[in-house]
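Numbering (our numbering), first residue to last: 10 to 267. Glycine residues also receive a C-beta, built at the ideal position from the N, C-alpha and C atoms.
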């Protein structure tokens, strides 16, 4: 398989690891820059066995190249409106409301809401907001000409919930290839590897709905047990310091080369 990697990824300090992995595994690849306002991927090749990796922009644009396999998994089952039908109450944010970012909605006194993009996953990072923080964020976002947020950008709003720890799992062909924690809250003890009960929960969710042949699932432990934080497109999911990038690239190469 041939990997097409976006070079200009500035927000992921571990992005370089993919180049190390490709070199070590002796897998062919090319590197390109994708302008933020690009309308298509400016790259010519006779190869069809292409996997793209980088930002949401390259993942989205690669869908235009329908002859590339596996190409990009952007969209489709990754949409909350699709996977929520299967995962239901296993989602951390099961009950949501959808709004445009310019809409005003009701806040209770001292209420904390979890707000994230609804469809364009990377236009901003979802997190917990109090009312004043959210209004300041909206004002700055809509007055910043350098981002992709508009007044009609869709957001999903839910009750903010406490999590003990959170982990990212990389799934290929229905199997968990790698996983690692990226967040521990308060006094949660450090664990080097994702606990077996967390992995067992994820396997159960994969059996319930194997969303794509390759995708990323973020899970968390709550006072109600394990939950899915969100589903991410594998073509644009960032690495963490403990990610075994080599194992992921090897699994992708083997699975899609067959």
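{"Check": "Nonlocal neighbours in the same chain, by C-beta distance under 7 angstroms from residue 183, ignoring five residues either side", "Outcome": "215 and 219"}
{"Check": "Beta-bridge pairing of residue 229 - partner residues as DSSP gives them", "Outcome": "175 and 236"}
{"Check": "For residue 136 and residue 52, the rounded distance between their alpha carbons", "Outcome": "36 angstroms"}
{"Check": "Residue of 63, 210, 83 and 65 minimising C-alpha distance to residue 72", "Outcome": "83"}
{"Check": "Cα-Cα separation, residue 101 to residue 55", "Outcome": "43 angstroms"}
{"Check": "Any non-hydrogen atom of the ligand GTP within 6 angstroms of residue 77 CB", "Outcome": "As presented, the structure is devoid of all ligands, the ligand GTP included, so that no description of it is given."}
{"Check": "C-beta atoms of residue 76 and residue 57 nearer than 7 angstroms", "Outcome": "yes"}
{"Check": "Inside the region 121-207 only - beta strand (DSSP E) runs reaching at least 3 residues", "Outcome": "122-126, 136-138, 163-168, 174-181 and 184-193"}
{"Check": "Residue 62, enclosing beta strand (DSSP E) - first and last residue", "Outcome": "59-62"}
{"Check": "Alpha-carbon spacing of residue 66 relative to residue 158, whole angstroms", "Outcome": "14 angstroms"}
{"Check": "Residue environment, residue 4, which counts as buried when at least 16 other CB atoms sit within 10 Å", "Outcome": "This structure leaves residue 4 out entirely; the chain is present only between 10 and 267."}
{"Check": "Euclidean distance between Cα positions of residue 143 and residue 267", "Outcome": "47 angstroms"}
{"Check": "Nearest-angstrom Cβ-Cβ length linking residue 107 and residue 121, presumed shorter than 8 angstroms", "Outcome": "That belief does not hold up - the Cβ atoms of residue 107 and residue 121 are roughly 19 angstroms apart, past 8 angstroms."}
{"Check": "Simplified DSSP state of residue 81, which is helix, strand or coil", "Outcome": "coil"}
{"Check": "Bridge partners - residue 223, DSSP secondary structure assignment", "Outcome": "181"}
{"Check": "Enclosing beta strand (DSSP E) for residue 106 [first to last residue]", "Outcome": "106-109"}
{"Check": "CA nearest to the CA of residue 11, picked from 18, 246, 60 and 50", "Outcome": "60"}
{"Check": "Beta-bridge pairing of residue 91 - partner residues as DSSP gives them", "Outcome": "For residue 91, which the question treats as bridged, DSSP gives no partner whatsoever."}
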